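Residues 7 to 409 (the working numbering) are what the sequence shown spells out, left to right. Note that beta-carbon positions come from the ideal geometry of N, C-alpha and C, so glycine has one too. From a predicted model like this one, the values you see are computed outputs, not experimental measurements.
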Amino acid sequence: MNKHRYNIFPEMNQEEYTKLKNDILLNGYDETMPIYLFENEILDGWNRYKVCNELSIIPIYEVFEGKNIDAINYVLRTNKRRNLTSSQWAAVAVTSDEIINSIKYEVKEEMKKKVSEAKTFGNKLPKVEDTRSDLIISDTFNTNRAYINKANNLKENHPVKFGEVFLGIKTITEAEKEIRKEERDKKRQEFIELGKNVIDLSDLIDIRQGDFTKVLADIPDNSIDLILTDPPYPYQYIECWSELARFAQDKLKDGGFMIAYSGHIHLPEVINRVLNEGLKWYWIGVCYHNGYNLSQVHEVNVFAKHKPILFFYKGNKVKPNNWFNDVFESNNEETKDFHEWGQSVDVFDKIIKIFEPKNVVDPFLGGGTTGIACLMNNVKFIGAEIDEDSFNISKKRIFDYGK
């Protein structure tokens with residue numbers, strides 16, 4: 007016997023199926039739960055039918071009496087009790103063309119009737135709501151229009167991911183996150199390969215691959231106006247802050263600034279390490295992430311919507327000519343496309359405009375953001391990146407901007 011086309015819902019997962027099978031094996035078939043047939047196919051009770059087949063049990067059948075729309079409503083009504091996620095409901099909705107078309111037809115007929123009645127009695131014609139069908143469909147399938155649209159996009163463009171959502175293996179959000187990561191990884195790999203062939207960069211740009219303590223050692227002492235960087239945040243890299251501070255103490259001019267992003271968790275130790283190497287505290291700003299770009303800080307169960315930006319200087323304090331707001335809004339949505347810890351160009355661009363350096367160094371180049379910001383402002387730049395893939399991505403990005 008086959009499933010009826012209106013029997014659109016995903017089958018039980020293995021755990022649920024085993025539980026049902028054990029219950030029937032132990033207690034027998036519950037005769038108050040018949041398997042409903044419609045047009046000689048199973049409308050409701052598919053999982054029970056499969057279990058009975060496996061256990062050689064003859065179940066109770068009952069023929070569903072009613073029209074097609076009645077059968078549709080029955081399936082939807084009985085399955086609303088199932089423990090399906092909103093993502094699964096949305097996936098079910100976009101696989102239910104006949105049901106959706108029936109709903110749209112009913113809405114259309116209802117509007118025709120209202121219009122006809124209004125004309126008959128001389129009343130004002132009812133306003134036709136374009137979204138009425140969508141709202142009814144969303145309510146019928148126990149989800150929302152946004153999820154249905156997203157599920158439809160998955161079905162059309164990412165059928166494997168859609169299948170996982172339909173079966174409850176992933177939510178729509180999880181599937182979309184995986185797709186974005188796969189797209190970023192593909193884009194990164196393309197830039198890595200293209201970056202290997204980049205030879206000529208702007209005369210303003212000097213980037214080097216390797217440990218900054220070695221490849222930037224030849225920079226003359228007391229020659230740099232601004233070190234603008236974003237060191238790694240995990241504690242395993244905490245020593246890099248001491249190395250960075252020593253480098254800054256040597257290479258910065260008197261009054262020069264070191265401005266660096268930092269994570270939250272180890273901030274007190276980060277600041278102490280920098281101060282212990284001789285740099286002086288100037289200020290703290292934040293990079294504020296617009297939209298829904300939140301970082302999950304699992305150690306403290308916090309969704310971080312900002313990131314600290316630390317300002318240090320060497321020697322005598324020299325204030326920048328420009329007053330500045332210490333909250334830097336980040337609007338760039340591609341910050342993570344080229345590096346796991348990438349930051350937005352717009353914030354680095356603002357900082358360079360505020361401090362007006364003649365030269366900038368970034369010992370942790372990452373995806374090349376600082377180099378691009380320097381090109382935007384016609385500022386001499388020297389950068390270092392220890393990871394070869396990230397170095398090649400930086401070359402490609404900076405080359406593209408400078409073309």
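Check                                                                                                           : Outcome
Assigned secondary structure, Phe197 (DSSP; H/G/I helix, E/B strand, else coil)                                 : helix
Supposed contact pair Glu283 and Ser248 - C-beta distance, whole angstroms, cut 8 Å                             : 6 Å
Proximity below 8 Å, CB of Ile277 to CB of Leu316                                                               : yes
Neighbour-count burial assignment, Glu45, 16 or more Cβ in a 10 Å radius                                        : exposed
Bridge-paired residues (DSSP) for Thr235                                                                        : Ala266
Simplified DSSP assignment, three categories, for Gly216                                                        : coil
Beta-bridge partners of Tyr42, as assigned by DSSP                                                              : Asp50 and Glu68
Terminal residues of the alpha helix (DSSP H) in which Tyr407 lies                                              : Glu394 to Gly408
Inter-stretch contact at 8 Å, needing at least 3 Cβ pairs: the segment 259–272 / the segment 228–238            : yes
Extent of the continuous beta strand (DSSP E) run through Ala310                                                : Val308 to Ala310
Exposed unless 16 or more other CB atoms sit within 10 angstroms - verdict on Phe309                            : exposed
Gln94 - containing alpha helix (DSSP H), residue span                                                           : Ser92 to Val100
Residue range of the unbroken alpha helix (DSSP H) whose run includes Ser248                                    : Glu245 to Lys257
Counterpart residues of Asp368 in DSSP-defined beta bridges                                                     : Gly389
Inter-residue spacing [alpha-carbon to alpha-carbon] between Trp287 and Phe318                                  : 5 Å
DSSP state of Ile185 mapped onto helix, strand, coil                                                            : helix
Span of the beta strand (DSSP E), counted from its first residue to its last, around Lys286                     : Lys286 to His295
C-alpha gap between Ile63 and Gly51, whole angstroms                                                            : 14 Å
Nearest residue (CA-CA) to Gly321, options Asp231, Asn384 and Val204                                            : Asp231
Exposed unless 16 or more other CB atoms sit within 10 angstroms - verdict on Glu346                            : Residue confidence is low: Glu346 scores 48 on pLDDT, short of 50, so the model does not pin down where it sits. Its coordinate-derived value is still stated next. Counting Cβ neighbours within 10 Å, Glu346 comes out exposed, since fewer than 16 surround it.
Buried versus exposed, by CB contacts within 10 Å (16 or more), Leu49                                           : buried
Cα-Cα separation between Asp36 and Asn74, rounded to whole angstroms                                            : 27 Å
Best match in Gln195, His164 and Gly174 for proximity to Glu182 [C-alpha to C-alpha]                            : His164
According to DSSP, residues forming a beta bridge with Ile211                                                   : Phe387
Three or more C-beta pairs below 8 Å linking the segment 381–394 and the segment 167–187                        : no
Residues bridged to Gln302 (per DSSP)                                                                           : Phe309
Simplified DSSP state of Ile315, which is helix, strand or coil                                                 : strand
Whether Val280 touches His312 by CB criterion (8 Å)                                                             : no
Residue environment, Arg54, which counts as buried when at least 16 other CB atoms sit within 10 Å              : buried
Other residues of its chain near Asp332: CB distance less than 6 Å, five sequence neighbours each side excluded : Gly291
For Glu335, the first and last residue of its enclosing beta strand (DSSP E)                                    : Val333 to Ser336
Alpha helix (DSSP H) segment containing Tyr153, residue limits                                                  : Arg151 to Asn163
CB contact flag (Leu207, Lys401, <8 Å)                                                                          : yes
C-alpha distance - Phe397 paired with Phe197, whole-angstrom precision                                          : 10 Å
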